[in-house]
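Asker: Residue numbers (my numbering): 188 to 600.
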């Protein structure tokens with residue numbers, strides 16, 4: 188008996204082609220089998236700022252504003268942004284140390300911060316050397332986007348050149364001629380005073396500097412300075428100070444009665460971050476400038492921002508909350524515009540980018556990466572039992588921004 192063994196037929200070319208086609212469709216996602224969507228790598232931001240001490244109120248506002256912007260992007264399914272924070276304690280050397288740690292150990296894609304202007308300049312130099320983009324939402328020195336500016340640094344708040352021009356416009360509309368200049372002896376203090384004085388002498392050539400005085404950062408006893416100013420009887424005292432010094436100085440102005448004798452000017456004098464810690468010790472009548480108040484400008488966009496911020500943090504936003512919010516908004520929209528998480532492509536997208544903001548259109552100028560937004564000036568006043576501002580006037584970015592030619596000239600030195 189012969190045993191028959193059957194042979195399997197080899198698939199025909201047609202059958203083989205069909206099998207390959209089905210396999211290709213499944214792999215490409217066109218078949219019936221679901222294919223996992225590729226996850227986009229999140230952008231990681233390392234934030235260096237002052238979270239302890241008197242300046243912490245500004246850093247906290249900035250951080251909360253940034254967090255709100257990130258939440259809004261997340262809620263609408265936009266770019267994924269993660270962040271970590273470090274406390275520099277208002278010390279520039281710690282700002283740089285933390286920036287290096289965040290880049291090398293945490294491997295952040297972007298850096299952000301810092302309230303201390305000298306700290307911002309130090310971190311900016313490191314950002315330039317390491318080619319890590321740095322969004323400044325706290326330091327106000329005009330050098331950041333001016334003479335020390337570069338491709339890897341952006342500023343989302345008005346700098347001292349802008350503040351100085353706006354303050355000079357306000358003071359030029361007064362009859363004051365004899366000016367006493369004073370402030371905290373650090374980068375921001377000198378920068379805002381130098382810019383204001385330079386602009387004021389141009390707008391009002393007959394002004395005279397009576398004298399100037401500078402106190403150490405962290406000064407608590409302003410009596411000697413106030414006594415000297417009072418004795419000289421200038422027409423106005425112009426002050427460049429910030430952080431904890433701003434609150435302490437404003438208390439001294441009220442406690443010594445200086446404001447009853449001599450008019451005073453100081454940037455952010457009527458910002459909520461300044462007025463909240465003062466309570467009933469806020470001195471009425473102090474002049475100043477500020478780009479933002481929660482009830483000014485009175486627009487639908489600002490009301491929506493205030494409502495969202497208050498819902499998240501149970502308080503109204505102050506100016507630094509706006510700066511942090513702008514930082515988050517510019518970053519998120521630049522990522523969307525670039526369609527990539529590549530840092531160089533995001534930088535390209537941020538240059539010249541215009542976004543909608545609580546204060547209207549906001550633009551990061553392509554040439555110097557400085558934000559262009561309006562600025563108000565007014566005076567501290569008590570309205571319906573609450574310290575705020577009155578006699579507010581708005582200056583457009585075109586009226587207060589330094590010219591591109593002046594920026595290029597400063598960078599060429």
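Backbone N, C-alpha and C define an ideal beta-carbon position, used for all residues, glycine too.
Give the DSSP-derived three-state secondary structure of residue 370 in the structure shown.
Answerer: Your numbering for residue 370 matches position 183 in the chain shown. Reduced to three states, the DSSP call for residue 370 is strand.
Asker: Would you kindly report the start and end of the unbroken alpha helix (DSSP H) that includes residue 440?
Answerer: Residue 440 sits at position 253 when you count from the first residue of the chain shown. Segment 430-442, the alpha helix (DSSP H) holding residue 440.
Asker: Can you grab the Cα-Cα spacing for the pair residue 583 / residue 490, in whole Å?
Answerer: As a position in the chain shown, residue 583 is number 396, starting the count at 1. As a position in the chain shown, residue 490 is number 303, starting the count at 1. Near 20 angstroms, if we compare the C-alpha coordinates of residue 490 and residue 583.
Asker: Tell me the rounded alpha-carbon separation between residue 422 and residue 458.
Answerer: Residue mapping note: residue 422 aligns to position 235 of the chain shown, counting from 1. Residue mapping note: residue 458 aligns to position 271 of the chain shown, counting from 1. Distance between the alpha carbons of residue 422 and residue 458: 24 angstroms.
Asker: Measure the C-alpha to C-alpha separation of residue 544 and residue 420 and round it to an integer number of angstroms.
Answerer: Indexing the chain shown from 1 puts residue 544 at position 357. Indexing the chain shown from 1 puts residue 420 at position 233. Distance between the alpha carbons of residue 544 and residue 420 is about 43 angstroms.
Asker: If contact is defined by three or more beta carbon pairs under 8 angstroms, each pair taking one atom from either stretch, is the segment 321-337 in contact with the segment 296-307?
Answerer: Output reads yes: the segment 321-337 touches the segment 296-307.
Asker: Tell me the rounded alpha-carbon separation between residue 426 and residue 590.
Answerer: Numbered from its first residue, the chain shown carries residue 426 at position 239. Numbered from its first residue, the chain shown carries residue 590 at position 403. Distance between the alpha carbons of residue 426 and residue 590 is about 25 angstroms.
Asker: Going by Cα to Cα distance, which pick from 414, 334, 496 is closest to residue 555?
Answerer: As a working mapping, residue 555 is identified with position 368 in the chain shown. The option with the nearest alpha carbon to residue 555 is 334.
Asker: Pairs of beta-carbons, one from the segment 508-515 and one from the segment 249-258, closer than 8 angstroms: are there three or more?
Answerer: Yes: the two stretches touch, three or more of their Cβ pairs being nearer than 8 angstroms.
Asker: Considering only residues of the same chain and omitting the five flanking positions on each side of residue 492, which have a CB-CB separation below 6 angstroms?
Answerer: For the purposes of this step, residue 492 is taken as the residue at position 305 of the chain shown. For residue 492, where only same-chain residues beyond five positions count, the Cβ hits under 6 angstroms are 545.
Asker: Within 10 angstroms of the Cβ of residue 567, are there 16 or more other Cβ atoms? Answer buried if so, exposed if not.
Answerer: Along the chain shown, one-based indexing puts residue 567 at 380. Looking at its Cβ environment, which holds 16 or more other Cβ atoms inside 10 Å, residue 567 is buried.
Asker: Since residue 433 and residue 455 are thought to touch, with beta carbons under 8 angstroms apart, how far apart are those beta carbons, to the nearest angstrom?
Answerer: Position 246 of the chain shown, counting from 1, holds the residue named residue 433. Position 268 of the chain shown, counting from 1, holds the residue named residue 455. With a Cβ gap of about 7 angstroms, residue 433 and residue 455 count as contacting.
Asker: Does the segment 520-539 come close enough to the segment 476-491 to have 3 or more Cβ pairs within less than 8 angstroms?
Answerer: No contact exists between the segment 520-539 and the segment 476-491.
Asker: Would residue 344 and residue 510 qualify as a contact pair, given that the criterion is a beta-carbon distance under 8 angstroms?
Answerer: Looking up residue 344 in the chain shown gives position 157. Looking up residue 510 in the chain shown gives position 323. Yes; because the gap between Cβ atoms is below 8 angstroms, this pair is in contact.
Asker: Identify every run of the alpha helix (DSSP H) within the segment 452-513, keeping only runs that are complete inside it and at least 4 residues long; order them along the chain.
Answerer: Entirely contained in the segment 452-513, the alpha helix (DSSP H) runs reaching 4 residues are, in chain order, 459-465, 487-500.
Asker: Tell whether a beta-carbon distance below 8 angstroms holds between residue 262 and residue 238.
Answerer: Your numbering for residue 262 matches position 75 in the chain shown. Your numbering for residue 238 matches position 51 in the chain shown. Cβ atoms of residue 262 and residue 238: not closer than 8 angstroms.
Asker: What whole-angstrom Cβ distance do residue 244 and residue 460 have, given they're in contact under 8 angstroms?
Answerer: Your numbering for residue 244 matches position 57 in the chain shown. Your numbering for residue 460 matches position 273 in the chain shown. Confirmed, Cβ separation roughly 5 angstroms.
Asker: With a threshold of 8 angstroms between beta-carbons, can residue 462 be considered close to chain C, or not?
Answerer: As a matter of chain content, chain C is missing from the structure shown, which is built from one protein chain.
Asker: Quick one: Cα of residue 463 to Cα of residue 575, how far?
Answerer: Position 276 of the chain shown, counted from the first residue, corresponds to residue 463. Position 388 of the chain shown, counted from the first residue, corresponds to residue 575. Taking the straight line from one Cα to the other gives about 10 angstroms.
Asker: Assign residue 592 to one of two classes, buried (16 or more other C-beta atoms within 10 Å of its C-beta) or exposed (fewer than that).
Answerer: As a position in the chain shown, residue 592 is number 405, starting the count at 1. Burial call: exposed.
Asker: Which residues share a DSSP beta bridge with residue 265?
Answerer: Sequence index remark: in the chain shown, residue 265 carries index 78 (1-based). None, per the DSSP bridge assignment.
Asker: What is the residue span of the alpha helix (DSSP H) that residue 316 lies within?
Answerer: For the purposes of this step, residue 316 is identified with residue 129 of the chain shown, where counting begins at 1. First-last of the alpha helix (DSSP H) with residue 316: 304-317.
Asker: According to the neighbour-count rule (16 or more other Cβ atoms, all chains shown, within 10 Å of its Cβ), is residue 292 buried or exposed?
Answerer: Walking along the chain shown from the start, residue 292 turns up at place 105. Result: exposed.
Asker: Verify whether the separation of the beta carbon atoms of residue 331 and residue 382 is less than 8 angstroms.
Answerer: Within the chain shown, numbered from 1, the residue matching residue 331 stands at position 144. Within the chain shown, numbered from 1, the residue matching residue 382 stands at position 195. Cβ distance not < 8 angstroms, so residue 331 and residue 382 don't count as in contact.
Asker: For a test of the three-state rule: what should DSSP assign to residue 578, helix, strand or coil?
Answerer: By one-based count along the chain shown, residue 578 stands at place 391. Correct three-state label for residue 578: strand.
Asker: Could you tell me which residues DSSP puts in a beta bridge with residue 300?
Answerer: Position 113 of the chain shown, counted from the start, is the residue given in the question as residue 300. 235, 323.
Asker: Take every Cβ of the segment 369-384, pair it with every Cβ of the segment 397-407, and state whether three or more of those distances are shorter than 8 angstroms.
Answerer: These segments touch.
Asker: According to the Cβ coordinates, are residue 280 and residue 504 closer than 8 angstroms?
Answerer: Counted from its first residue, the chain shown places residue 280 at position 93. Counted from its first residue, the chain shown places residue 504 at position 317. Their beta carbons are not under 8 angstroms apart, which means residue 280 does not touch residue 504 by this criterion.
Asker: Within the continuous beta strand (DSSP E) that includes residue 398, where are the two ends?
Answerer: Taking the chain shown and counting its residues from 1, the one referred to as residue 398 is at position 211. Per DSSP, residue 398 belongs to the beta strand (DSSP E) from 395-402.
Asker: In the DSSP assignment, find the beta strand (DSSP E) that holds residue 427 and state where it starts and stops.
Answerer: For this step, residue 427 is matched to residue 240 along the chain shown. From DSSP, the beta strand (DSSP E) with residue 427 extends over 423-427.
Asker: Could you have a look at residue 208 and say whether DSSP puts it in helix, strand or coil?
Answerer: The sequence position of residue 208 within the chain shown is 21, counting from 1. Residue placement at residue 208 cannot be trusted, given a pLDDT of 43 that sits under 50; the coordinates are not used to answer.
Asker: Tell me the DSSP bridge mates of residue 563?
Answerer: Taking the first residue of the chain shown as 1, we reach residue 563 at position 376. Residue 563 is bridged to 477, 581.
Asker: Which same chain residues, not among the five before or five after residue 470, have their C-beta less than 7 angstroms away from its C-beta?
Answerer: In the chain shown, the residue the question calls residue 470 occupies position 283. For residue 470, where only same-chain residues beyond five positions count, the Cβ hits under 7 angstroms are 437, 440, 441, 446, 567.
Asker: Can you look up residue 551 in the DSSP assignment and give me helix, strand or coil?
Answerer: If you number the chain shown from 1, residue 551 lands on position 364. In the structure shown, residue 551 sits in a strand (DSSP, three-state: E or B).
Asker: Does the beta-carbon distance from residue 228 to residue 269 come in below 8 angstroms?
Answerer: Residue numbering aside, residue 228 sits at position 41 when the chain shown is read from its first letter. Residue numbering aside, residue 269 sits at position 82 when the chain shown is read from its first letter. Not a contact, by the Cβ cut-off of 8 angstroms.
Asker: Tell me which same chain residues have a C-beta within less than 6 angstroms of the C-beta of residue 524, skipping the five on either side of it?
Answerer: For the purposes of this step, residue 524 is identified with residue 337 of the chain shown, where counting begins at 1. The residues are 536.
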